[in-house]
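The block underneath contains the structure these notes are about, expressed in structure tokens.
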Amino acid sequence: MTAALLGLGLMAGCGGAGGLTGALQGAIAPLVGTQPTAAPVAAGASGKGRADPSTLRRVGLNTLGLTGTATRLIDNGVSASFAGPQGFTYTMRDGMLVSTRGLGDDLMATDARQSRAALRAGGGQARRVHETLDGLDRIERAEFDCTVTPKGVETVDLGTRRVQARRFDESCRGAALLFDNYYWLDAAGEIISSRQFVSRGVAYLRSNDL
Amino acid sequence: MTITAMRRGGAASLLALLAAGAVQAQTVSDRGLSYTLYGTPGLIDMPSALSAPDGQIAATMGRFDGQVRTTFTFQLLPGLSGSFRYSKIEDYSLPGSRGRVDDYFDRSFDLRYRFNDETELLPAFAVGLQDFLGTGAYSSEYLVATKTFGDKIRVTGGLGWGRLGSDGGFDNPLGLLSSEFDERPALDFGEGGTFALDQLFKGDAALFGGVEYAATDKLTLKAEYSSDAYERETELGLIERDSPLNFGLVYRPLPGVQLGASWLHGSELGLTGTFLIDPGTRPFGPGLDPAPSPIRIRQGDARAAATWDRAQIPETTIGATLQQALAAEGVELSSIELSDRAVRLRYTNTRYRAEAQAMGRIARMLSLGLPDSIERFTLEPMQRGVPLSAVTLSRSDIEAFADTAGGTQALSQRLVLQDAGPRDGLEPLPRLDDRFSYGLAPYARITVFNGDDPFQVELGGQLSARYEITDSLVASGTLRQQLYTNRENPELIVAEGDEPYPVRRNAALYADQGTTGIRDLTLAQYGRLAPDVYSRATLGYLEEMYGGLSTEVLWKPADSRLGLGAEVSYARQRDFDLGFGFQDYDVVTGHASAYYDFDNRFYGQVDVGRYLAGDWGATFTLDREFENGWSVGGYFTLTDVPFDAYGEGSFDKGIRVSIPLDYVVGQPTRREASTSLASLQRDGGAKLRVDGRLYEVVRDGHLNDLEDGWGRFWK
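Chains H and E, in that order, give the protein sequences.
Per my numbering, residue 193 is the first one in the first sequence, and the count goes up by one each step.
Per my numbering, residue 2 is the first one in the second sequence, and the count goes up by one each step.
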């Protein structure tokens, strides 16, 4: 219970989602905290003091000049949301970037299940769907044909440690857009580091475990 | 921002052309488009058959010896464009009139319709009417074809009448159909501003044409053969026309900016500057909205819970804490109903233009904070204390569709939109926010297009304050202090002959004498009489020139395209000093109104009733609205005031533009900057201007506006 409370508190503290979560800290958290089944929710900080490194990510948005540490806002099991520098947030589903918020030209939603399956299978073809918001408030759907290729084992610097990881490149082609995503998977098949495409305006989000 | 301007616009003709249907998208032809001295897509002074991208607005200033033309061209539909132009011609007078004025000011209105898209073999064809509503100084009609060859060359050729048939003219080929086409009758000018239908396509016709060459992406060179003899200008000695050939270039230094120069008639230098605005392209993209809170997905068994432990979380705690949390999103929660499986909220969204976006943010908060057994969220947005509709969402859908491709659409298909529910069962929450609010802001009022004094400006500061006695009973007022004006001392205008009482024409006196004064001071009560029926009563100093009591009723079901309303007001003219006093003139005015959403981005409104001067008639309005809140439209009013008694312009008509502020600043806001560019306002067909009319208040929460903003649900 305490964990849940603090988890939401953390959202406020990280400057993420800004004043909004500030209010959440005082307001919503008690409700969640009294839930008997709230255990998987926002399992953020473990007690006082330093945050659990498993809830932190190192992120970078080179085109926007934003780099720093992102904090996990919520862990929903199938997906997890993080708050990065200057309040932007993003959601990963099994390591695949599915949405961003607070970046302007946000990635609204994604279907990257085939790409994830291809990573798991050691490579292959995948079709992906990205949704963005256009100037008329309409959801724009873009489909991409992607090829996932294994690139061998590399040493990845996660900041706090260096690990051996299998690298995969995903090369995607849409009607008017090409992009390349990179992934590094650990022995268990989890994505521990990646560079994934967000949108034309934002380009790539780099995120890695600490 | 509501810019009321361009009085010469006529909506009737638009309707007629819309009825003709045929909406085509264009691909090749809007590439490398540039604008004429008339501010229309084309060559140098001659039009082409091209159209701008749908929805684009082009503001062009074109200048050559003694003439300045300022034109706004709006691409109403992919094939249809309308242009409003305000021109100054030095030392000019209309054909047939004697003498001349120092600076002749003229308003004109054009329409152009493109029949087809250009194909590999077939050019694009278009028909145009130039200055068919105004004084006729620029009036002409044309049929034109344009063909693009490769990436570099574009050729245009056309047949013109009127001005465009004045050089190299030959017998009108339409004379074969009827001898009536052979002669172009003189313009029966009257008070101007009426349709000169008897002139269209009559008299001599002539050929015009030209070539454009795209030297680089940024530079286009042009040459044209002009069939405009500039007869009147030459006769008055204003222009020396040595040649029908014109040469020019257009340079595009930045996207949305075009600068042009041309050598006209072998004797004159012409300059143009064009600025393009595309309502569909926001300067800040989808918006710089701060990230919303995340969604909590309930795990496994939790969803199946039948109830929650009220001993642990009392209902009152949930209401109070949600209220605090939602306040951070600019959402004021005013009442809540909780059951084991459902929650119903009534709230006022004060931040997001799209109610759908506020709903998305509320749904996220509810997913985070509410007990797991609560599966159904019913959101009832309010404005001015009145519930507008009820949107019911399933919590499982919220959890499933967040961040999921196709989720926005799936959610919109699964939500249930109904009229707002009854008050019973809702637990009112004490208000947290300040009931009193105030603001200090500068104001500017610009009056243009007034024949004698075309540019009047007034600048100052205003203090607005508002006190919400209840959610739906509001006292508000605005105090203004004028700091600068270039108006010259106006004289009191009194009605002469059969003219209507000057209900609006003395506006300048208010600006002159009311340098410190009360712009408005009212008590307004909003209500909901039945599930689909809304009411408003406003008492006090309703607007600058009139005070009194205004009452309104509106029938508008949440999912209906049609709304019907009635407004009855007693208005008395205020003193010119903007104090508390009144003058003798009073009137009972009011309208029955029908509002219709045509589902193709066009909204129509018809008001029938009695106007401020006691005249009876009807106002017809048609707006093209964009999903992101932009709106561009036109209206006209016909009343029993005869055209000659109405005065200049013959009857009231205009074009209006409304720009949501979030488009401009990129941050969420419900505001539309209240800068209004007032145009010539006369007395026939004048309406009382009351703030907060019901249709505009209510529609945000109704089907179409919700659909328009739905893409922002997850933003």
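Built from N, CA and C at the ideal position, the CB exists for glycine as well.
Bear in mind the structure is a predicted one, so any value in this text is a computation, not a measurement.
Any non-hydrogen atom of the ligand MG closer than 7 Å to residue i Cβ
i: E:P501; result: Here there are no bound small molecules, and the ligand MG is not part of this structure.
Collapsed DSSP secondary structure at residue i in the structure displayed
i: E:W631; result: coil
i: E:P388; result: strand
i: E:W309; result: coil
i: E:F644; result: helix
i: E:F637; result: strand
i: H:M288; result: strand
i: E:A215; result: strand
i: E:F182; result: helix
i: E:P42; result: strand
i: H:A308; result: In the sequence on display, residue 308 of chain H carries Arg and not Ala. Looking at H:R308 - three-state DSSP - the assignment turns out to be helix.
i: E:W715; result: coil
i: E:S52; result: coil
i: E:V699; result: helix
i: E:V24; result: With a pLDDT of only 33 at E:V24, under 50, the local geometry of the prediction cannot be trusted, and the value read off the model is given with reservation. Note: E:V24 maps to coil in three-state DSSP.
i: H:L397; result: strand
i: H:L198; result: Because H:L198 sits at a pLDDT of 27, beneath the cut-off of 50, its placement in the model cannot be relied upon, and the following sentence gives the value as read from the coordinates. In the structure shown, H:L198 sits in a helix (DSSP, three-state: H, G or I).
i: H:L295; result: coil
i: E:M62; result: strand
i: H:G257; result: coil
i: E:M2; result: The pLDDT assigned to E:M2 is 28, lower than 50, so where the model puts this residue is not dependable; a value taken from the coordinates is nonetheless given after this. If DSSP states are grouped into helix, strand and coil, E:M2 belongs with coil.
Beta bridge counterpart(s) of residue i as assigned by DSSP
i: E:G564; result: E:Y596
i: E:I298; result: Paired residues: none, contrary to the question.
i: E:K148; result: E:V156
i: E:F171; result: E:A206
i: H:S273; result: H:I266, H:T283
i: E:W556; result: E:V534, E:L565
i: E:P429; result: E:S336
i: E:V589; result: E:Y571
i: E:N350; result: E:V332
i: E:G655; result: E:Y636
i: E:T221; result: E:A215, E:V251
i: E:R377; result: E:A343, E:S395
Cβ neighbours of residue i in the same chain (closer than 6 Å, five flanking residues each side left out)
i: E:T71; result: M62, Y87
i: E:K203; result: F182, R185
i: E:S594; result: G566, D608
i: E:S675; result: Because the pLDDT at E:S675 is just 44, under 50, the model does not fix this residue reliably, and the point stays unresolved.
i: E:V633; result: F75, R625, V658
i: E:I278; result: I58
i: H:A304; result: M288, R320
i: E:R713; result: A355, A357, Q358
Close Cβ partners of residue i (< 7 Å) along its chain, the five nearest in sequence each way excluded
i: E:L522; result: G478, G541, Y542
i: E:G440; result: S465
i: E:G564; result: L555, W556, K557, Y596, Y696
i: H:C206; result: Confidence at H:C206 is low in this model, with a pLDDT of 35, below 50, so the placement of that residue should be treated as unreliable; the coordinate-derived value is given next. Hits under 7 Å: T263, A275.
i: E:G33; result: A215, T221
i: E:A127; result: A50, R113, Y114, R115, F116, V145
i: H:G381; result: R312
Supposed contact pair residue j and residue i - C-beta distance, whole angstroms, cut 8 Å
i: E:F73; j: E:A60; result: 5 Å
i: H:D401; j: H:L350; result: 6 Å
i: E:P382; j: E:Y348; result: 7 Å
i: E:P293; j: E:G361; result: 7 Å
i: E:Q483; j: E:E459; result: 6 Å
i: E:D404; j: H:S391; result: 14 Å between Cβ atoms; not a contact.
i: H:T261; j: H:L253; result: Not confirmed; about 13 Å, so no contact.
i: E:L418; j: E:L707; result: 7 Å
i: E:I296; j: E:R365; result: 5 Å
i: E:L371; j: E:V344; result: 6 Å
i: E:D398; j: E:A306; result: Wrong, their Cβ atoms sit about 18 Å apart, outside the cutoff.
i: E:V504; j: E:A614; result: 5 Å
i: E:F110; j: E:S84; result: 7 Å
8 Å Cβ shell around residue i - same chain, five flanking residues per side excluded
i: E:S570; result: L543, G549, L550, S551, T552, V589, T590, G591, L689, V691
i: E:R91; result: One detail in the question is off: residue 91 of chain E reads as Glu in this sequence, not Arg. Same-chain partners within the cutoff: G67, Q68, D103, D104, Y105, L239.
Item to check | Residue ranges of each beta strand (DSSP E) within the segment 254–300 of chain E, 3 or longer | outcome: 258–265, 269–278
Item to check | Inside the segment 459–541 of chain E only - beta strand (DSSP E) runs reaching at least 3 residues | outcome: 474–486, 517–531
Checklist entry - Which whole runs of the alpha helix (DSSP H) in the segment 300–388 of chain H are 4 residues long or more, in chain order? => result 305–312
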